[in-house]
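Here the sequence shown stands for residues 1160 to 1347, where the numbers follow my numbering.
Heads up, the beta-carbon is just placed ideally off N, CA and C, and yes, glycines get one too.
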Amino acid sequence: MVTAAPGEERSPALALVNTRRLGAGGEVDDLAEPRAAAEWLRLPAASLAADDLSRVTDLRAAVRELLAALAEDRAPAAAAVETVNAAARADAAAPQLTWPSGPHREWHSTSPGSLSEALAALARDAIEVVAGDLGPLVRPCEAHGCVRFFFREHARRRWCSTTCGDRVRAARHQRLVVEQRESPRGRA
């Protein structure tokens, strides 16, 4: 089981980006197969074709570019911005008023349960993250080889998970052991 990076529970777009990650055996892509992508998007398993899968992974790459640009304090590639904007407008949604215990606004899709609705919701969330209050909290994991992002809500946090932090600390310890063994003072 993969531990969610801080912020994934609040941002589906951040969770989407982190579906590509470093695993024990190398890089892992949770969306490599249409069935897995449909399951992740909570769509019927047979509802995604190969070109649908490329729409999902293209959006993931575009959102990754937006988060990387934000974390690096640079402008993102224009193609990434256009990909996210196109996905956001691909499904019309309108605010609906509900009144369970007072006025409440909810957004409802005109094509519920569709891939377009799922991608539009992810793209809109990415826009909210990048342009909103969470934007300054976006950070890439500092562990060597890790490609995940997280919301840094504590000044000392540098890794997306304890697994990455443990890996960095173990590597640092191993370097120190080797340096001590090889140094003239370390030999008796």
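| Check | Outcome |
| --- | --- |
| Beta-carbon proximity check, Leu-1218 vs Val-1289, cutoff 7 angstroms | no |
| Sequence-distant residues of its chain with Cβ nearer than 6 angstroms to Leu-1202 (five each side left out) | none |
| Which residues DSSP lists as bridging Thr-1257, in chain order | His-1263 |
| Straight-line Cα distance separating Glu-1168 from Ala-1197 | 19 angstroms |
| Rounded separation between Gly-1272 and Leu-1175 - CA only | 18 angstroms |
| Alpha-carbon spacing of Pro-1299 relative to Asp-1284, whole angstroms | 18 angstroms |
| Residues sharing a beta bridge with Asp-1188, DSSP | Arg-1179 |
| Supposed close pair Val-1306, Leu-1226 - CB separation, criterion 8 angstroms | At roughly 11 angstroms, the Cβ-Cβ gap does not stay under 8 angstroms, so Val-1306 and Leu-1226 are not in contact. |
| Where Ser-1270 falls: helix, strand or coil (DSSP) | coil |
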